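According to my numbering, the sequence shown holds residues 150 to 301 in order. Ideal Cβ placement from N, Cα and C applies to all residues, glycine included. Nothing here was measured: the structure is a model prediction, and the numbers come from that model. Below: the structure, in structure tokens.
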Amino acid sequence: MRSISISRAAKGAALLFTLFAFALVLAGDFPFKGSANGVATPVGMENGLVLLHTAASGNSTLLGGFSSAEDLTLDPATGQLAGTFVFTAANGATLFGTTAGQFVSPTDVVGTYTVTGGTGRLEGAAGVIDFSLTTSDGSHYTVNFSGLLTSH
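As structure tokens, then:
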């Protein structure tokens with residue numbers, strides 16, 4: 150019986166330490182990087198812009214395995230992309246914000262994710278994350294990203 154209570158106490162202490170350490174990380178700037186593979190699907194046209202929805206999955210620091218969804222507009226005349234994104238961790242916590250990008254070749258896009266908030270353990274997150282995206286067919290893509298996040 151005594152070993153069971155010591156084991157519970159040790160697990161409780163470990164959990165408290167983990168939460169405390171995580172709170173310290175979120176109290177300042179911390180690196181955020183990762184990669185994902187996804188598919189972009191055209192969903193319509195509006196005022197000469199192509200409306201796109203993307204769905205991807207990948208791995209990153211802080212989120213671990215995650216899924217992402219983006220709703221974007223593409224200006225075919227300039228190659229500019231703009232829209233919104235949501236990254237969702239396996240535990241349901243999210244990062245969300247805006248996307249801005251530019252095709253720099255027929256197969257490559259560079260841009261930024263501007264994080265404007267989060268939910269769960271990511272509440273209050275903010276920052277700018279640079280990304281580079283490559284597509285071989287205009288639909289399937291690989292994206293790599295890195296930047297700094299701040300928590301308030």
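The criterion of a C-beta distance shorter than 9 Å is not satisfied by Gly232 and Phe245. Here Gly214 carries a strand assignment [DSSP, helix/strand/coil]. The residues Gly250, Gln251, Val253, Asp279, Phe280, Ser281, Leu282, in chain order, have a CB closer than 8 Å to that of Val259 in the same chain once the five nearest residues on each side in sequence are set aside. Close CB contacts of Ala274 within its chain, under the 8 Å cut and outside five residues either way in sequence, are with Leu175, Leu244, Val264, Gly266, Gly267, Leu298, Thr299, Ser300 (chain order). Straight through space, the alpha carbons of Ala226 and Thr237 are spaced by roughly 32 Å.
The residues Leu201, Thr203, Ser288, in chain order, have a CB closer than 6 Å to that of Ala189 in the same chain once the five nearest residues on each side in sequence are set aside. In this structure, Thr210 is the residue among Ser206, Asn186, Thr210 with its C-alpha nearest to the C-alpha of Gly296.
Distances from the alpha-carbon of Leu223 to those of Tyr262, Met194, Gly187 put Met194 closest. Residue range 257-267 is occupied by the beta strand (DSSP E) that includes Gly266.
By the beta-carbon neighbour count (other beta carbons within 10 angstroms, threshold 16), Val292 is buried. The beta carbon of Gly228 lies closer than 7 Å to those of Gln251, Phe252 in the same chain, with the five residues before and after it left out.
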